[in-house]
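What follows is one structure encoded as C-alpha coordinates, with my remarks underneath.
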Amino acid sequence: MIDNFKFIREEHYNCLENVLVSLMETWQQEYVLMFSEGWGFTYLPPEDKPSEILGNWIGGGEYKVWECLRKYYGIIPTVHLEEDTDLQKNILRNELAEGRPVILSLDAFYAPWKDVFGKYHFEHYSLAIAIDEEKGAVYCLDPFVNSLANPLPMDNFIKGNAKCITLVRNTKKLVSISLHEILKNAALTILRDEGDINGIKGMRAFADQMESSFNLKKEIEGFETMIWVSPIILRISDIGARRLHFASVLLYLEKRFSGNNLSYFSKQVEKAGWGWRRIRRLLASACDSENPEEFTVQIVSDIRRLAEFEESIAKEMLDHFNRY
16 MIDNFKFIRE EHYNCLENVL VSLMETWQQE YVLMFSEGWG FTYLPPEDKP
66 SEILGNWIGG GEYKVWECLR KYYGIIPTVH LEEDTDLQKN ILRNELAEGR
116 PVILSLDAFY APWKDVFGKY HFEHYSLAIA IDEEKGAVYC LDPFVNSLAN
166 PLPMDNFIKG NAKCITLVRN TKKLVSISLH EILKNAALTI LRDEGDINGI
216 KGMRAFADQM ESSFNLKKEI EGFETMIWVS PIILRISDIG ARRLHFASVL
266 LYLEKRFSGN NLSYFSKQVE KAGWGWRRIR RLLASACDSE NPEEFTVQIV
316 SDIRRLAEFE ESIAKEMLDH FNRY
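Laid out in C-alpha coordinates, this is it:
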(Lines of atoms letter the chains of each structure in order from A and count residues from 1; the text may use other names and numbers.)
(Lines give C-alpha, C1' and ligand atoms only; values in the text may rest on other atoms or scores of the structure.)
Protein backbone atom coordinates (compact mmCIF):
# COMPACT_ATOMS: atom_id res chain seq x y z
CA MET A 1 0.00 0.00 0.00
CA ILE A 2 2.82 2.42 0.73
CA ASP A 3 3.72 2.54 -2.98
CA ASN A 4 0.26 3.92 -3.77
CA PHE A 5 0.10 6.30 -0.84
CA LYS A 6 0.40 10.03 -1.48
CA PHE A 7 2.39 11.73 1.26
CA ILE A 8 1.27 15.30 1.84
CA ARG A 9 3.18 17.40 4.33
CA GLU A 10 2.38 21.06 4.77
CA GLU A 11 4.12 23.07 7.46
CA HIS A 12 0.83 24.58 8.65
CA TYR A 13 -0.95 21.22 8.94
CA ASN A 14 -0.78 19.46 12.30
CA CYS A 15 0.04 15.75 12.48
CA LEU A 16 -3.60 14.66 12.21
CA GLU A 17 -4.27 16.98 9.27
CA ASN A 18 -1.22 15.72 7.39
CA VAL A 19 -2.54 12.17 7.83
CA LEU A 20 -6.07 13.12 6.77
CA VAL A 21 -5.03 15.15 3.73
CA SER A 22 -2.63 12.41 2.62
CA LEU A 23 -5.43 9.87 2.97
CA MET A 24 -7.89 12.06 1.04
CA GLU A 25 -5.36 12.56 -1.76
CA THR A 26 -4.72 8.81 -1.88
CA TRP A 27 -8.47 8.23 -2.17
CA GLN A 28 -8.68 11.00 -4.81
CA GLN A 29 -11.16 12.72 -2.54
CA GLU A 30 -11.71 16.47 -2.17
CA TYR A 31 -11.10 17.74 1.36
CA VAL A 32 -10.67 21.54 1.49
CA LEU A 33 -14.03 22.15 3.17
CA MET A 34 -12.91 20.12 6.18
CA PHE A 35 -11.36 23.47 7.25
CA SER A 36 -14.52 25.51 6.62
CA GLU A 37 -15.30 26.01 10.34
CA GLY A 38 -11.78 26.61 11.57
CA TRP A 39 -11.53 30.40 11.90
CA GLY A 40 -11.84 30.95 15.61
CA PHE A 41 -10.20 31.82 18.90
CA THR A 42 -10.82 30.61 22.42
CA TYR A 43 -9.59 32.08 25.70
CA LEU A 44 -10.48 29.96 28.72
CA PRO A 45 -8.66 31.00 31.89
CA PRO A 46 -9.32 28.44 34.63
CA GLU A 47 -10.91 30.12 37.62
CA ASP A 48 -9.58 27.50 40.01
CA LYS A 49 -6.00 27.55 38.66
CA PRO A 50 -4.97 31.19 38.24
CA SER A 51 -1.28 30.27 38.24
CA GLU A 52 -1.54 27.88 35.28
CA ILE A 53 0.50 28.79 32.21
CA LEU A 54 -1.21 30.95 29.57
CA GLY A 55 -0.41 28.41 26.86
CA ASN A 56 -3.12 26.18 28.30
CA TRP A 57 -5.71 28.97 28.24
CA ILE A 58 -5.87 29.65 24.51
CA GLY A 59 -6.86 27.80 21.35
CA GLY A 60 -8.07 28.19 17.80
CA GLY A 61 -11.68 27.56 18.72
CA GLU A 62 -13.76 24.42 18.49
CA TYR A 63 -12.09 21.80 16.27
CA LYS A 64 -14.67 20.78 13.67
CA VAL A 65 -12.58 19.00 11.04
CA TRP A 66 -14.26 15.65 11.71
CA GLU A 67 -17.71 17.20 11.58
CA CYS A 68 -16.97 18.92 8.27
CA LEU A 69 -15.49 15.77 6.73
CA ARG A 70 -18.69 13.96 7.60
CA LYS A 71 -20.96 16.76 6.41
CA TYR A 72 -19.39 17.56 3.05
CA TYR A 73 -17.58 14.36 2.05
CA GLY A 74 -19.26 11.51 3.88
CA ILE A 75 -16.09 10.55 5.79
CA ILE A 76 -17.36 9.14 9.06
CA PRO A 77 -14.87 8.51 11.89
CA THR A 78 -15.30 6.24 14.87
CA VAL A 79 -12.93 7.11 17.71
CA HIS A 80 -12.38 4.05 19.86
CA LEU A 81 -11.65 5.35 23.36
CA GLU A 82 -11.73 2.02 25.18
CA GLU A 83 -8.79 1.49 27.55
CA ASP A 84 -8.71 -2.25 26.81
CA THR A 85 -5.44 -2.73 24.90
CA ASP A 86 -6.47 -6.14 23.56
CA LEU A 87 -9.65 -4.60 22.17
CA GLN A 88 -7.65 -1.85 20.45
CA LYS A 89 -5.33 -4.44 18.92
CA ASN A 90 -8.29 -6.50 17.69
CA ILE A 91 -9.88 -3.43 16.09
CA LEU A 92 -6.58 -2.70 14.37
CA ARG A 93 -6.15 -6.28 13.13
CA ASN A 94 -9.70 -6.52 11.83
CA GLU A 95 -9.55 -3.22 9.94
CA LEU A 96 -6.16 -3.96 8.39
CA ALA A 97 -7.35 -7.44 7.38
CA GLU A 98 -10.12 -5.73 5.39
CA GLY A 99 -7.60 -3.44 3.71
CA ARG A 100 -8.63 -0.35 5.66
CA PRO A 101 -5.85 1.78 7.20
CA VAL A 102 -6.40 2.96 10.77
CA ILE A 103 -5.52 6.35 12.24
CA LEU A 104 -3.66 5.87 15.52
CA SER A 105 -3.63 8.31 18.40
CA LEU A 106 -0.48 7.66 20.45
CA ASP A 107 1.67 9.32 23.09
CA ALA A 108 4.57 10.64 20.97
CA PHE A 109 6.98 9.70 23.78
CA TYR A 110 6.66 6.11 22.51
CA ALA A 111 6.92 6.75 18.74
CA PRO A 112 10.51 5.74 17.82
CA TRP A 113 10.59 7.72 14.57
CA LYS A 114 9.71 11.02 16.29
CA ASP A 115 12.33 13.50 17.47
CA VAL A 116 10.49 13.73 20.79
CA PHE A 117 10.78 9.95 21.34
CA GLY A 118 11.66 9.29 24.97
CA LYS A 119 11.61 13.04 25.74
CA TYR A 120 8.14 14.59 25.74
CA HIS A 121 4.60 13.37 26.26
CA PHE A 122 1.87 14.66 23.96
CA GLU A 123 -0.72 13.22 21.60
CA HIS A 124 0.43 12.37 18.08
CA TYR A 125 -1.36 10.86 15.08
CA SER A 126 -0.13 8.46 12.41
CA LEU A 127 -1.68 5.98 9.98
CA ALA A 128 -1.34 2.24 10.63
CA ILE A 129 -1.16 0.30 7.36
CA ALA A 130 0.16 -3.14 8.37
CA ILE A 131 0.93 -5.37 11.32
CA ASP A 132 3.67 -8.00 11.55
CA GLU A 133 2.73 -10.46 14.26
CA GLU A 134 6.08 -12.29 14.10
CA LYS A 135 8.09 -9.13 14.62
CA GLY A 136 5.53 -7.72 17.03
CA ALA A 137 5.26 -4.41 15.22
CA VAL A 138 2.67 -2.13 13.66
CA TYR A 139 3.82 -0.19 10.59
CA CYS A 140 2.78 3.44 10.57
CA LEU A 141 2.88 6.17 7.96
CA ASP A 142 3.59 9.61 9.35
CA PRO A 143 3.62 12.29 6.63
CA PHE A 144 4.42 14.86 9.32
CA VAL A 145 7.86 13.23 9.70
CA ASN A 146 8.84 11.12 6.68
CA SER A 147 7.67 8.94 3.76
CA LEU A 148 8.45 5.58 5.36
CA ALA A 149 6.58 2.70 6.93
CA ASN A 150 7.75 3.28 10.50
CA PRO A 151 7.75 0.25 12.82
CA LEU A 152 5.95 0.73 16.13
CA PRO A 153 6.83 -2.10 18.55
CA MET A 154 3.71 -3.61 20.08
CA ASP A 155 5.10 -2.83 23.54
CA ASN A 156 5.13 0.84 22.56
CA PHE A 157 1.60 0.54 21.18
CA ILE A 158 0.57 -0.59 24.67
CA LYS A 159 2.71 1.85 26.68
CA GLY A 160 1.68 4.75 24.45
CA ASN A 161 -1.99 4.04 25.18
CA ALA A 162 -2.75 3.80 21.46
CA LYS A 163 -6.33 4.44 20.35
CA CYS A 164 -7.77 3.51 16.96
CA ILE A 165 -9.79 5.83 14.74
CA THR A 166 -11.57 3.93 11.99
CA LEU A 167 -13.08 5.56 8.91
CA VAL A 168 -15.94 4.66 6.61
CA ARG A 169 -17.26 6.53 3.58
CA ASN A 170 -20.98 7.13 3.12
CA THR A 171 -21.97 9.79 0.60
CA LYS A 172 -25.73 9.28 0.84
CA LYS A 173 -26.40 12.16 3.25
CA LEU A 174 -24.03 14.90 2.16
CA VAL A 175 -24.88 18.51 3.00
CA SER A 176 -25.10 20.79 -0.04
CA ILE A 177 -22.43 23.47 -0.11
CA SER A 178 -23.90 26.87 0.71
CA LEU A 179 -21.52 29.77 0.11
CA HIS A 180 -23.54 32.19 2.22
CA GLU A 181 -23.96 29.72 5.08
CA ILE A 182 -20.24 28.95 5.29
CA LEU A 183 -19.16 32.59 5.20
CA LYS A 184 -21.86 33.85 7.54
CA ASN A 185 -21.07 31.12 10.06
CA ALA A 186 -17.33 31.85 9.87
CA ALA A 187 -17.76 35.58 10.41
CA LEU A 188 -20.24 35.19 13.25
CA THR A 189 -18.01 32.62 14.96
CA ILE A 190 -14.99 34.92 15.13
CA LEU A 191 -17.23 37.84 16.16
CA ARG A 192 -19.08 35.84 18.81
CA ASP A 193 -19.32 37.67 22.12
CA GLU A 194 -19.63 35.29 25.07
CA GLY A 195 -17.97 36.60 28.19
CA ASP A 196 -14.21 36.79 27.76
CA ILE A 197 -13.69 33.50 26.02
CA ASN A 198 -14.47 33.59 22.32
CA GLY A 199 -13.35 35.25 19.14
CA ILE A 200 -12.16 38.83 18.98
CA LYS A 201 -13.04 39.59 22.60
CA GLY A 202 -11.01 36.56 23.65
CA MET A 203 -7.98 37.79 21.70
CA ARG A 204 -8.13 41.12 23.48
CA ALA A 205 -8.56 39.49 26.87
CA PHE A 206 -5.56 37.26 26.13
CA ALA A 207 -3.46 40.30 25.17
CA ASP A 208 -4.45 42.05 28.40
CA GLN A 209 -3.55 38.99 30.47
CA MET A 210 -0.26 38.58 28.66
CA GLU A 211 0.60 42.22 29.28
CA SER A 212 -0.05 41.91 33.01
CA SER A 213 1.32 38.50 33.94
CA PHE A 214 3.24 36.75 31.13
CA ASN A 215 6.22 34.70 32.33
CA LEU A 216 8.05 33.15 29.38
CA LYS A 217 10.37 31.08 31.56
CA LYS A 218 7.37 29.46 33.21
CA GLU A 219 5.65 28.90 29.83
CA ILE A 220 8.52 26.86 28.39
CA GLU A 221 9.60 25.13 31.60
CA GLY A 222 10.35 21.50 30.78
CA PHE A 223 10.56 22.25 27.04
CA GLU A 224 13.80 24.24 27.01
CA THR A 225 15.50 21.90 24.53
CA MET A 226 12.49 21.84 22.18
CA ILE A 227 10.51 25.04 22.62
CA TRP A 228 8.32 24.38 19.55
CA VAL A 229 6.32 21.77 21.47
CA SER A 230 5.68 24.01 24.49
CA PRO A 231 1.95 24.73 24.90
CA ILE A 232 2.21 28.47 24.24
CA ILE A 233 4.04 28.06 20.92
CA LEU A 234 1.97 25.05 19.81
CA ARG A 235 -1.30 26.90 20.44
CA ILE A 236 -0.16 30.11 18.76
CA SER A 237 1.01 28.03 15.80
CA ASP A 238 -2.39 26.33 15.58
CA ILE A 239 -4.24 29.65 15.73
CA GLY A 240 -2.22 30.89 12.76
CA ALA A 241 -2.72 27.63 10.88
CA ARG A 242 -6.50 27.83 11.30
CA ARG A 243 -6.49 31.14 9.44
CA LEU A 244 -4.27 29.81 6.65
CA HIS A 245 -6.64 26.85 6.29
CA PHE A 246 -9.67 29.09 6.06
CA ALA A 247 -7.94 31.25 3.46
CA SER A 248 -7.62 28.13 1.29
CA VAL A 249 -11.34 27.44 1.81
CA LEU A 250 -12.16 30.91 0.49
CA LEU A 251 -10.07 30.33 -2.64
CA TYR A 252 -11.81 27.00 -3.19
CA LEU A 253 -15.21 28.66 -2.86
CA GLU A 254 -14.23 31.40 -5.29
CA LYS A 255 -13.49 28.78 -7.94
CA ARG A 256 -16.74 26.98 -7.20
CA PHE A 257 -18.91 30.11 -6.99
CA SER A 258 -17.52 32.70 -9.39
CA GLY A 259 -18.01 36.44 -9.09
CA ASN A 260 -17.92 36.84 -5.31
CA ASN A 261 -14.49 38.49 -4.88
CA LEU A 262 -13.45 35.84 -2.37
CA SER A 263 -9.78 36.11 -3.34
CA TYR A 264 -9.73 39.50 -1.58
CA PHE A 265 -11.04 38.00 1.66
CA SER A 266 -8.72 35.01 1.27
CA LYS A 267 -5.69 37.30 1.11
CA GLN A 268 -6.88 39.18 4.20
CA VAL A 269 -7.43 36.03 6.26
CA GLU A 270 -4.09 34.65 5.04
CA LYS A 271 -2.43 37.87 6.17
CA ALA A 272 -3.91 37.33 9.63
CA GLY A 273 -2.59 33.77 9.64
CA TRP A 274 0.95 34.89 8.92
CA GLY A 275 0.53 37.55 11.59
CA TRP A 276 0.02 34.82 14.17
CA ARG A 277 3.02 32.95 12.75
CA ARG A 278 5.06 36.11 13.29
CA ILE A 279 4.00 36.03 16.94
CA ARG A 280 5.25 32.45 17.12
CA ARG A 281 8.64 33.55 15.78
CA LEU A 282 8.77 36.41 18.27
CA LEU A 283 8.13 33.97 21.11
CA ALA A 284 10.96 31.76 19.85
CA SER A 285 13.28 34.77 19.64
CA ALA A 286 12.30 35.79 23.16
CA CYS A 287 13.42 32.38 24.41
CA ASP A 288 16.95 33.17 23.20
CA SER A 289 16.97 36.71 24.55
CA GLU A 290 18.36 38.02 27.82
CA ASN A 291 15.48 40.50 27.86
CA PRO A 292 12.35 38.57 26.82
CA GLU A 293 10.14 41.32 28.24
CA GLU A 294 11.03 43.49 25.24
CA PHE A 295 9.47 40.89 22.95
CA THR A 296 6.37 40.64 25.14
CA VAL A 297 5.56 44.30 24.46
CA GLN A 298 5.71 43.67 20.70
CA ILE A 299 3.68 40.45 20.95
CA VAL A 300 0.91 42.11 22.95
CA SER A 301 0.79 44.94 20.42
CA ASP A 302 0.61 42.45 17.53
CA ILE A 303 -2.23 40.48 19.14
CA ARG A 304 -4.27 43.65 19.64
CA ARG A 305 -3.59 44.72 16.06
CA LEU A 306 -4.65 41.30 14.76
CA ALA A 307 -7.83 41.40 16.84
CA GLU A 308 -8.75 44.72 15.23
CA PHE A 309 -7.77 43.46 11.77
CA GLU A 310 -9.72 40.19 12.01
CA GLU A 311 -12.74 42.01 13.39
CA SER A 312 -12.72 44.32 10.37
CA ILE A 313 -12.39 41.36 7.97
CA ALA A 314 -15.35 39.54 9.51
CA LYS A 315 -17.56 42.63 9.53
CA GLU A 316 -16.64 43.45 5.94
CA MET A 317 -17.38 39.87 4.93
CA LEU A 318 -20.83 40.01 6.51
CA ASP A 319 -21.57 43.36 4.91
CA HIS A 320 -20.39 42.17 1.49
CA PHE A 321 -22.55 39.07 1.41
CA ASN A 322 -25.59 40.69 2.98
CA ARG A 323 -25.87 42.66 -0.26
CA TYR A 324 -26.66 39.52 -2.26
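All the letters of the sequence shown, read from the start, carry residue numbers 16 to 339 under our numbering.
Even for Gly, the Cβ is constructed at its ideal location relative to N, Cα and C.
Here the structure is a predicted model, which means the values were calculated and not measured.
Taking V131 and M241 to be in contact with their CB atoms under 8 Å, please state how far apart those CB atoms are, rounded to whole angstroms.
For this step, residue 131 is matched to residue 116 along the sequence shown. For this step, residue 241 is matched to residue 226 along the sequence shown. So it is a contact: roughly 7 Å between Cβ atoms.
Determine, using beta carbons only, whether P158 and S263 come nearer to each other than 9 Å.
Mapped onto the sequence shown, residue 158 falls at position 143. Mapped onto the sequence shown, residue 263 falls at position 248. No, Cβ-Cβ distance for P158 and S263 is not below 9 Å.
With V315 as the anchor, note down where its alpha helix (DSSP H) starts and where it stops.
Taking the first residue of the sequence shown as position 1, residue 315 is located at position 300. Residues 307 to 337.
When you compare only the Cα positions, how much space is there between K270 and E26?
Sequence index remark: in the sequence shown, residue 270 carries index 255 (1-based). Sequence index remark: in the sequence shown, residue 26 carries index 11 (1-based). Rounded to whole angstroms, K270 to E26 spans 24 Å at the Cα level.
Can you list, in chain order, the residues of its chain with a C-beta nearer than 7 Å to that of K233? Leave out the 5 residues immediately preceding and following it.
Counting from 1 along the sequence shown, the entry for residue 233 is found at position 218. Taken in chain order, the residues that qualify are I68.
Considering just the uninterrupted stretch of the alpha helix (DSSP H) at K286, what are its terminal residues?
For the purposes of this step, residue 286 is identified with residue 271 of the sequence shown, where counting begins at 1. Segment 277 to 302, the alpha helix (DSSP H) holding K286.
Take every Cβ of the stretch 164 to 179, pair it with every Cβ of the stretch 115 to 127, and state whether three or more of those distances are shorter than 8 Å.
yes
Answer with buried or exposed for E308, where buried requires no fewer than 16 other C-beta atoms within 10 angstroms of its C-beta.
Your numbering for residue 308 matches position 293 in the sequence shown. By the 10 Å Cβ count, E308 comes out exposed.
Relative to the alpha-carbon of N275, which residue among P60, R320, F336 has its alpha-carbon at the smallest distance?
Looking up residue 275 in the sequence shown gives position 260. Checked all of P60, R320, F336; the closest Cα to N275 is F336.
Helix, strand or coil for A152? Go by DSSP, reduced to three states.
Taking the sequence shown and counting its residues from 1, one reaches residue 152 at position 137. Strand, per DSSP.
Identity of the residue in P92, N29, F238, V153 nearest A256 by Cα
Numbered from its first residue, the sequence shown carries residue 256 at position 241. Ranking the options by Cα distance to A256, first place goes to N29.
Would you say A322 touches the ligand SAH, meaning its beta carbon is less than 8 Å from a heavy atom?
Inclusion of the ligand SAH in the displayed structure is not the case, the ligand content being empty and no account of it being possible.
Look at T204 and E52 and say whether their C-beta atoms are less than 9 Å apart.
Locating residue 204 in the sequence shown gives position 189, where the first residue counts as 1. Locating residue 52 in the sequence shown gives position 37, where the first residue counts as 1. Yes, the Cβ-Cβ distance between T204 and E52 is below 9 Å.
Run of the beta strand (DSSP E) containing N33, from where it starts to where it stops
Taking the sequence shown and counting its residues from 1, one reaches residue 33 at position 18. Here N33 belongs to no beta strand (DSSP E); instead the alpha helix (DSSP H) covers 30 to 41.
Please classify P116: does DSSP put it in a helix, a strand, or coil?
Taking the first residue of the sequence shown as position 1, residue 116 is located at position 101. The answer is coil: DSSP assigns P116 none of H, G, I, E or B.
Ends of the alpha helix (DSSP H) at D170?
The residue labelled residue 170 in the question sits at position 155 within the sequence shown. Unbroken alpha helix (DSSP H) run through D170: 169 to 174.
Between R295 and the rest of its own chain, which residues show a CB-CB distance below 7 Å, the 5 nearest in sequence each way excluded?
Counted from its first residue, the sequence shown places residue 295 at position 280. I248, I251, S252, G255, listed in sequence order.
Excluding the 5 residues flanking R219 on each side, which residues of the same chain have their C-beta closer than 6 Å to its C-beta?
Locating residue 219 in the sequence shown gives position 204, counting from the first residue. Counting only Cβ-Cβ distances below 6 Å, and skipping sequence neighbours, we find A322.
Just to confirm, is the Cβ distance from F106 to C179 under 9 Å?
Translated into the one-based positions of the sequence shown, residue 106 becomes position 91. Translated into the one-based positions of the sequence shown, residue 179 becomes position 164. The question names Phe, but residue 106 is Ile in the sequence shown. Cβ distance < 9 Å, so I106 and C179 count as in contact.
Indicate the three-state DSSP secondary structure (helix, strand or coil) for R219 in the structure shown.
For the purposes of this step, residue 219 is taken as the residue at position 204 of the sequence shown. Three-state result, R219: helix.
For my contact list, I91 and V183 are in at a C-beta cut-off of 8 Å; report their separation, rounded to the angstrom.
Here the question's residue 91 lines up with position 76 in the sequence shown. Here the question's residue 183 lines up with position 168 in the sequence shown. For a cut-off of 8 Å, the C-beta gap from I91 to V183 is around 5 Å, short enough to register as a contact.
Can you check which of these residues, Y46, A287, W54, is closest to I192 by C-alpha distance?
Taking the first residue of the sequence shown as 1, we reach residue 192 at position 177. The shortest Cα separation from I192 among Y46, A287, W54 belongs to Y46.
Can you tell me where the alpha helix (DSSP H) holding I247 begins and where it ends?
Looking up residue 247 in the sequence shown gives position 232. Segment 246 to 271, the alpha helix (DSSP H) holding I247.
Do you know whose CA, among L194, F124, V190, lies nearest N176's CA?
Against the sequence shown, residue 176 aligns to sequence position 161. Answer by Cα proximity: F124.
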